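First to last, the sequence lines map onto chains A and B.
The opening position of the first sequence corresponds to residue 25 in the numbering used here, with each subsequent residue numbered one higher.
The opening position of the second sequence corresponds to residue 634 in the numbering used here, with each subsequent residue numbered one higher.
All residues carry an ideal CB built from backbone N, CA and C; glycine is no exception.
All values reported here derive from a predicted model rather than from experimental measurement.
Read through the structure below, which is laid out as C-alpha cells, and then see the notes.
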Amino acid sequence: MAERAIPSKLPVVPKELERIPLVQNQRGFAWISDRIAGVAEGKTPLWWWMAFVPSLSFATLLLCMLAYQISTGVGVWGDMRPVMWGWDIINFVWWIGIGHAGTLISAILFLLRQRWRTGVNRAAEAMTIFAVMCAGIYPAMHVGRVWFDWWLFPIPNSNGPIWPQFRSPLMWDVFAVSTYFTVSLLFWYMGLIPDLAVMRDRAKTRPRQFLYGLFALGWTGSNRHWSNYEKAYLLLAGLSTPLVLSVHSIVSLDFAVSQLPGWHTTIFPPYFVAGAIYSGFGMVLTLLVPLRKICKLEEVITLRHIDVMCKVTLATGSIVGYAYAMEYFIAWYSGNPYERWTFWHRIFGTYWYGGAAMLGFNALVPQLFWFKWFRQNLVAVFVISILINIGMWFERFVIIVGSLYQDFLPSSWGYFKPTWVDICTFLGTFGLFFTLFLLFLRFLPLIAISEVKGVTPQADPHHLLGGAKHEEPEPDDEVTL
Amino acid sequence: MTEAPEFRQWLEREFPRGASEWTDPVSRRHFVKIMSASFLLAGMGLAGSGCRRPVEHLEPFGKQPENYVYGTSQYYATAMATRGGAVPLLARSYEGRPVKLEGNALFPGGNGGTDRWAQAAILNLYDPDRARRFIRGGNNATPDAAFDRLRELSKRAEATGGEGLSFLLERNTSPSRMRMQKLIAGKFPKARWYVYEPVDLDVHRRAASTAFGASVKPIFKYDAAKVILSLDCDFIGSEEDAHDNIRRFTQGRRVEKPSDSLNRLYAVETLMSLTGMAADHRMRVAPSVIPRVALAFASEILKQAGLDAPEVPAGVNPKWISECAKDLLAHPGESLVVAGYRQPPAVHVLAQAMNAALGNIGKTVVFLDAAAIEGGISDLAKSLNAGEVETLVILGGNPVYNAPADLDWTRAQGRAKSVVRLGYYEDETFEAARRDADWHLPAAHFLESWGDALTSEGVLVPIQPLIAPLFGGLTEIEVLARIAGEDVVRPYEIVRQTFAGGEDAWRKFLYEGFAEGTAAKVVNVDVDPNAVKSAWSLLQSEQAAMASMSNNLEIVFHRDHAVDDGRYSNNGWLQEMADPITKLTWDNAVILSRKTARQLGLKNFDLVEIKLGDRTVSGPVWIQPGFADDSLGLALGYGREKSGRVGSGVGFNAYRLRTTVAENFAAGATLRRLDGTFELACIQNHWSMEGRPIIREANLDQFRQHPDFAHREKLEEPPVVTSMYPNPFDTAKEKGLHQWGMSVDLNTCIGCGTCVIACQSENNIPIVGKDQVRRGRAMQWMRVDRYYAGDPTQGRLPDVLKTDSDQQFEEWIDDPQSVVQPMFCQHCEAAPCENVCPVNATTHDNEGLNLMVYNRCVGTRYCSNNCPYKVRRFNFLDFNKRPLKDLKGPFYTTPLTHETDGEWDLLRWWKDPTEPTTGMRADDEWDLLKMSKNPDVSVRMRGVMEKCTLCLQRIEQAKIAQKVKAGPSGDVRLKESEGTVPKTACQQACPAGALVFGDISDPGSRVSKLKAQDRNYSVLDNLFTRPRTTYLARVRNPNPAMPDYHEVPLSLEEFEHKEGNPFEESGESPATAGKEHTHG
C-alpha cells in the first residue's frame, strides 16, 4: 500500500450520491470490538433481567403445557374434527417462517455480496435457530403418540422392517427441517468462531476464558485460518442457499399435496418462501429496532440497515400480496365450487377477521414502505413489523383452519376454537425463544465483529485517506488514476 | 395416629380397597365363578344339533365340554321384549359373555334388521350403575330376606284374598307373565292390576276396538300400500315396531329400473319426523289442527257416510287435502291411512273408517285378536289416595319420574304401607321408596334370565339368557311366581311350562328363536258406523273448543329417538347417538319453528321457561326446520335426577308439564325467555348441501326420462392425465381373491341411525360425552348425514356467505325437503389418506380395503385432514379409559396428578407398565366395560386414528372358516351364492336393507348388481378417489296435482341454481352450462 502514491485528486462524489457508511462516525476497529463484545461482558444490566425472568417463566410454562398435553392427550388443545390441525401447525409454520430470515441474510445475501448483511446476520441467524427450535416442538409434540415420533425417521428396525411412507410430505418435512436446522446451526457456529476468539482474548475470568477458548477451537487469526474460514463459510453459504428455499417449499407441500380446497394449490412453494422471508424480516426488525437502542448499537445497525430490510419486506410482502391475488383469481377462474366457497369464506365467513388480518397486514401494510418516512421512522417500522408478524400468523390460521373448517361435505363442517392450553403453549414458545435469545445476547457477540470490521470504510484497501465518504472507488474513477 | 384417616379406614375395612366395592352377595370371586360357569352354558349350546340343553345349575367346568372351541363365538336366538311386541334377536356370545345383538334373520318375514334400542340394549347389561343389591329401606339385605318378604306377602294375600295388594306393571306381551298374572288373579281375586306406560302406544288397539266393536289391534302392511297418508304417525320412527315398518315401507321404495313403481307417502305432522323426512308431500300443522285435517280427509273419503264437511282449518291448503284424498281414492285396496299414537282415539277411528272406505281392510291393514289391558296409573293413584293399597308391587317402570304430574305420584305411592319394587336401576322410584317396609329388588337384564314374548303379530319368541345374572337380578315372572306362592319359581321352568309343547318342539323353538304357527289370527271386522259418527262429532266439538283458544303455544310431548321414555337414559351409546332429525346429542330441547322463534325473539340455545298451568320447565331452544308454527316439541325421557353416571342431569324433564288430561298435546302454554343460554351438542352444524351433488335426487319422472340422472348431476371433472406415479393398488388388486365393496341405497335409507349403534357395538367405539361432542370429537365410525333443501326461489338468497348459526333465521328452512345419507369410510381405491401418512399406518390391502393399522399410527391426523369425506375419528383423550366426568373441558384431569382407587395413576402405571391400567376408571366400572367389548376388535388407545374397516374382523373370520372348510381343495374364495360372504354390522342391523356389502369381483353378487344400476354414483366423484362405497341416487315420487309439487327435488334445484340444468341436452357437459349463476 505504501508503494502507491496518494492520488493527486480524489474523485468527488456528489452529495446526493453519497453512500451512507455501514458503520457510522468513522469508528475504529477497537471501538467496534469494545462496543459489541461489551454487550456480553460486564455486569448484567437490569433490563436483561427484566426481560429474562418473564421469558424463563414462560419457557417453564411451555414445559408444563407440553407435559400436560403429552400425559393427557391432544384433546387438551382445540384440535377437533374437521380441523385436526389447529394452533399446533399454525405455530409450527409461523415459527419456521420466522426462521427464514437468518439464513437468507447470512447465505443468500453473502453470495450476493450484500455487505450490509454483516450488521444483522448474527442476530438474525440466532433468531433463526431459536425459531426453528420453537417450530420443531410443534410437529414433534402434536402427534397423538409422542413416544413413537422416531417412526418418522428411516431407522432400520425389527418390525418388518417398516419404513416411513416416503410419499408423505410430513416425511419430507422431517428431512427438510432437520437438515435446515443442522446446517443453520453449523453456519452460525462457523461464523462465531473468530468472534469467540475475540471473546476469549477479552475474557477476564477463567471459566470464560476456558469456555470461549473451547468453542473458539484454537482460533489464532492466522492467514491460514482466515483462508480456510473464508472457504468454509462460502461453502456453507452455498449449501444453505437451496435450503432457505427448500424448507418452506416443503412445508408448503404439507398443504399443496393434499386435496383440500384452499390447500391444493401449485402456487404454494414460492408463495410460502416469499411469506417466510417476509415474516422473517418482520421478526428481525421487531428484534433489532429496540435492540440497537438498548445495546447502543445505532452506529453499527444503522438506519440504512433498517431501510434496506424494510425494502426487502416491501418486496416480499408484495410477492405475498400477488400470491393472494392469484389464489383468488384461480379460485374464481377454475369454477371449482369448493375452491370458490373456501375463498369466499376466507373474507366473509366465520373467520373473516383472519382473512382481513392476512390481507391487510401482509398485502397492504408493507406498501407503506414505499415511503421513505415510514422506513426511517423507527416507531413506524417497529409497529409495522409487529403487524407483519400478526398478519403472517393469521395467514397460517386462514390457510389451515380456514380451509379445514368447511371442506367438501357440509355435514362435517365445524368450528375451531383454541383452548387455554393452545394459547399458553404458544406463549410458552415465546418464552423459550426469548430465553434463548437473551442468553445469546448475554454470552455471545450479537453482531459479527470480524465481519463488521471488514465493511468499515477504513477496511477498504483502496481507502487510503480514511474517512472517505465512499466505500469503493468506482471503476470509472480508477481509470483516471 | 389413631385418628389418622388411613388408620380409621384400615380399622373399618377388612379387605383392601376395591375388594368390597362389589357389595354382597355378588363378590368378584363369585362373579368370576359365574363367568366360567357361563362358558359351560355356552359350550353346551353348541351341540351338533344346534339345540341347547337347558342348564339351570351353573357349575364351572373342569373338563373341556364337547364341541366347545375356544375363542369362537356362539350364537343364540333370543328376543327383546318391547311394549306391545318383541324384536327377535340373535345374540353373539364369546366365552360366556354376550357381546353383540343382531336381528334374527330366520324370523319369518324379517330381514334381520333391528332398531337402535335393540342394538344398544347390550350396553345396559354391562351398565355399572344398574341395581346390584337387594335393599330394604335403603339398606342392603340378602336375597333370602327378600324372598321371605315375598313369601310373607303371598301368605298374607292368601289370607285376605289379595285385598290391598296392587300391581303396577309395564306393558308386555309375555305369555308367562300373563299366566302368572292369571294364577295370582285366581288365587287372590281381590288383587288389582294396573299398567302404565308413559308413552302409550296401545291407543291403536283401543281405537281399533272402538271402531270395530271387537277387541282387535291393527297391523299395518306398509309393503302392500301404494299410497300412504300419515296423520301424525311416525311409523318408521317412534311408533311401535318401527324397524318392521321400515322394512315394509322401504320395500315399496326400492327401484331397480326406471319402469319400477314407487309408493307415495303423504305426511301431516307437527314435529319433523323420520316419516315426514321420507314423505313425498308433507304438511306441517299445529297439533290441534291435525284432528281437523283428519276430519277434512274423512269428509272427502267418507262422502257416502253422509257426514257434513267441516271447514278446512286456516292455513291449510284445501287442495292439499282434496288432491291427496283423490290419490288415496284412486288406489282402493292399496292405500293406507294411519294415525299416530299421540292422536286421540277419535282420529284413529276416523283413520280406520277411511281405510274401510278405501277397501284397505284385510289388504293393507289387518286386525288381530288382542286382549284388553288392565287399569292405568290414574286409577291406581286414586286407589292409593283412598288408602286402599296396602302393598304396592311395582314391576319395572319408573313412575316417580314419569307419572303424569297431576297425580302427585310420590305422595300417592307413599300412601301404600309397603312398596316392593323390581327395578333395573336404583332410580327416582327407588329413592321415593326408602321406608323400612319398602323393598327394592334388582331386575335381571333380558340376556340374563329366561322369558318369553309375543311379537306384535303374536308370534311366540323365546328370551334365552346368555349369561347368569351378573348381580343376581330377578325377572318379573319370578317375582310374580313367588308372590303367587308357586313352588316353581325359576324363570326357566316357568317359561318351559308356559310353552307346554314337547321337548322337540321346545328345542326347535329355542334354536330358531320363534314358534312356528303361533301368529295371532287375523279377524274380519266391520266398521261400527256409530263409533265413527261419535268420533266425528266428538272431534268437531273439541275442535270448536280448540278454535276459541288462540294465541297460545301448543306443546307436543314426544317419545325420544334415543332414550325412549327415559328408560335408556343411562345408555351412553344412545345418549351420544345423534337424534335422526335434529342431530342433537345428550340433551333434549324446546323445539320450535323459525317463525315462532322469530315472533318470540328467540334463537338457538336461548334458555326459556315454559309454563303450562302452574307448572314450569326450562330448557334451551332449538329451531327445527319443517317444524309447525306456534308449537313446541318437548322430548320425554330427559332430566333424570337419579339415573346413573351417564344419564343423570341430562336435558330437562318434560314429564313435569304432562298431566293425565294432556298426555300428548297441551294447549295454552306460555313461554318466557330466561337469562343466559345453554349450549347443545349438535353433531351436524350445517343444514344445507349448498348445491353440491352429494346426495343426488330426481323425481320419478326424471328418473324415467333420464335413468342416468345421477351421472348428470355431477361437477365437472378435471381432465384425466396419465399419472407419473401409477396407483400401486391398480396392480396389487389383481392378486386379491375378493374385491370388497358396498352399496348404499339412498331411496330406502330413512336415516333411523340403527347402523350407527350397531357399528358402535361391533367395533368397540367409546363414547366421548357432551362436551367432547361439542368439540367435534364424537367417535362413531358411521354417521347419518341429514341435509335440508329449500326452494331456491323462496327466500333463499343466492349468496351463501352466512355462518352456520345464521341458517336458523333463513326462510327456506320453513318447508324444507330432507335427505339422509349414511357416511362412513368410503374405502377409496385412490385414498387421499394413505399417501399423506408419514408412517404407513393407513394402507390398502389387495382386496380393496383401506386399512388402518392402529399399532403403527402415531397420530399426525393428516389423514383426517385429507379425507374429503371426513370419516376418520381421532381418539383425543383416551376415551376408553376416562370416565365421563373426566371428559369435560377445558381443564381435563391429567394422569400426572390423578388418583384412581386411591393410588396415584403414574405409580399404578410404573408398577406394571405392561398391564393395561384402568385409566381413570374405577375398578368396578372397568370390569364391566371390559366385558362389553368385542374381543375381535382392538380397543384403540388415545392418540390413534380410527375409522370404519368394513368389519374386517368379520371378513377375516369368514375367510378362516372357509379355509378350514376348503381344506386341501383350496377353494378359499368366499361366495355369496354359498352364503359365506359375511355381513357388516351396519348392513346386518339395517331394517331397510339399504346397506349391501359384498364382493364386487363376483358379477353375481348383490352388490355388483346394485353397482351396475344407473342410479349408482360415488360421492365427490370429481376428486377421482374412486370409492368402493357407492350410493344409489334417491328417487322421489311427488304427485303433480299437489299444491306443494316441485318439478324437481329441491336439492336438485339448488344444484341447478349453481351448476346449471343437468338435463339440458346442450352437447357440452351439463355442469358447464349456466355457470354465470355460480357465486361461491
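Checklist entry - Any beta-carbon of chain A closer than 8 Å to the one on P1431 of chain B? => result Since pLDDT at P1431 of chain B reaches only 47, below the 50 mark, its modelled position is unreliable, and the value read off the structure follows with that caveat. It does not; no Cβ of chain A falls within 8 Å.
Checklist entry - If the cut is a Cβ gap below 9 Å, which residues of chain A does M1456 of chain B touch? => result L433, S435, S436
Item to check | Reduced DSSP secondary structure (H/G/I, E/B, other) of E654 of chain B | outcome: In this prediction, E654 of chain B has a pLDDT of 45, which is less than 50 and means its spatial position is unreliable; what the coordinates show is noted afterwards. If DSSP states are grouped into helix, strand and coil, E654 of chain B belongs with coil.
Checklist entry - By the 10 Å Cβ neighbour count, where 16 or more other Cβ atoms means buried, how is P38 of chain A classified, buried or exposed? => result exposed
Checklist entry - Hey, is the stretch 1574-1594 of chain B in contact with the stretch 1473-1487 of chain B, meaning 3+ C-beta pairs nearer than 8 Å? => result yes
Checklist entry - When the cut-off is 8 Å and only beta carbons count, does D1404 of chain B lie next to chain A? => result no
Checklist entry - Between the stretch 1538-1558 of chain B and chain A, which residues of the former have a C-beta closer than 7 Å to a C-beta of the latter? => result none
Checklist entry - Expressed to the nearest angstrom, what Euclidean distance is found between the alpha-carbon atoms of I30 of chain A and L263 of chain A? => result A caution first: I30 of chain A carries a pLDDT of 48, below 50, which makes its placement in the model unreliable, though a value can still be read off. The straight-line gap from Cα to Cα measures roughly 42 Å.
Item to check | Where Q391 of chain A falls, given that 16 or more other Cβ within 10 Å makes a residue buried | outcome: exposed
Next on the checklist: Taking the straight line between their C-alpha atoms, what separation do you get for D1212 of chain B and V1223 of chain B?
Outcome noted: 14 Å
Item to check | Min CB distance R169 of chain A to chain B below 8 Å | outcome: yes
Checklist entry - Would you say the stretch 1016-1027 of chain B touches the stretch 1046-1053 of chain B, given that touching needs at least three Cβ pairs under 8 Å? => result yes
Checklist entry - Are the beta-carbon atoms of E149 of chain A and F211 of chain A separated by less than 8 Å? => result yes
Checklist entry - With a Cβ-Cβ cutoff of 8 Å, do T326 of chain A and L46 of chain A count as a contact? => result yes
Next on the checklist: Counting only beta-carbon separations shorter than 8 Å, does S81 of chain A have a partner in chain B?
Outcome noted: no
Next on the checklist: Would you say H1710 of chain B lies against chain A (beta-carbon separation less than 8 Å)?
Outcome noted: At H1710 of chain B, the pLDDT of 39 sits below 50, so the modelled position is not reliable; the number obtained from the coordinates is stated separately. Chain A contact via Cβ: absent.
Next on the checklist: Nearest by alpha-carbon distance to I1110 of chain B: which of B:L783, B:W1537, B:T1526 is it?
Outcome noted: B:L783
Checklist entry - Who are the neighbours of V405 of chain A on chain B, taking C-beta pairs under 9 Å? => result The premise fails here: V405 of chain A is roughly 36 Å from chain B at the closest Cβ pair, so nothing lies under 9 Å.
Checklist entry - Do R370 of chain A and G359 of chain A come within 8 Å of each other at the CB atom, strictly closer than that value? => result no
Next on the checklist: Let me see if you follow: with CB-CB separation under 8 Å, is L1628 of chain B close to chain A or not?
Outcome noted: no
Next on the checklist: Taking 7 Å as the limit between beta carbons, can you name the residues of its chain near A774 of chain B, skipping five residues before and five after?
Outcome noted: F767, I768
Next on the checklist: So with CB distances below 8 Å, who are the chain B contacts of W243 of chain A?
Outcome noted: Here the premise fails: no neighbours, minimum Cβ distance about 42 Å.
Item to check | Cβ-based burial, S809 of chain B [other Cβ within 10 Å; buried from 16] | outcome: buried
Checklist entry - Residues of chain B with a CB under 8 Å from the CB of P45 of chain A: which are they? => result Result: empty, since nearest Cβ-Cβ is about 51 Å, beyond 8 Å.
Item to check | CA-to-CA distance, T1526 of chain B to G1409 of chain B, given in whole angstroms | outcome: 20 Å
Checklist entry - Under 8 Å between C-beta atoms, does G286 of chain A make it to chain B? => result no
Checklist entry - When you compare each of A:S474, A:L258, A:R43 to L136 of chain A by their alpha carbons, which one comes out closest? => result A:L258
Checklist entry - What does R1408 of chain B touch in chain A if you count any residue whose Cβ is under 7 Å from its own? => result M104
Item to check | Selected residue, minimal CA-CA separation from L928 of chain B, among B:S955, B:D760, B:R887 | outcome: B:S955
Item to check | Where the stretch 1295-1321 of chain B meets chain A: residues whose CB sits under 7 Å from a CB there | outcome: Q1317, N1318, H1319, S1321
Next on the checklist: Considering only DSSP beta bridges, list what S793 of chain B is partnered with.
Outcome noted: Here residue 793 of chain B turns out to be Thr, not Ser, going by the sequence shown. Partner(s): none; T793 of chain B has no beta bridge.
Item to check | Through-space distance from E1349 of chain B to S892 of chain B, alpha-carbon basis | outcome: 29 Å
Item to check | Close Cβ partners of P1516 of chain B (< 8 Å) along its chain, the five nearest in sequence each way excluded | outcome: R1278, M1553, R1554, A1555, E1558
Checklist entry - Tell me which same chain residues have a C-beta within less than 8 Å of the C-beta of L176 of chain A, skipping the five on either side of it? => result P188, L194, M195, V198
Item to check | Amino acids of chain B, ordered along the chain, whose beta-carbon sits closer than 7 Å to that of R191 of chain A | outcome: N1468
Checklist entry - Closest to Y1678 of chain B by CA distance: which of B:Q1413, B:D1448, B:M1322, B:D1197 is it? => result B:D1448
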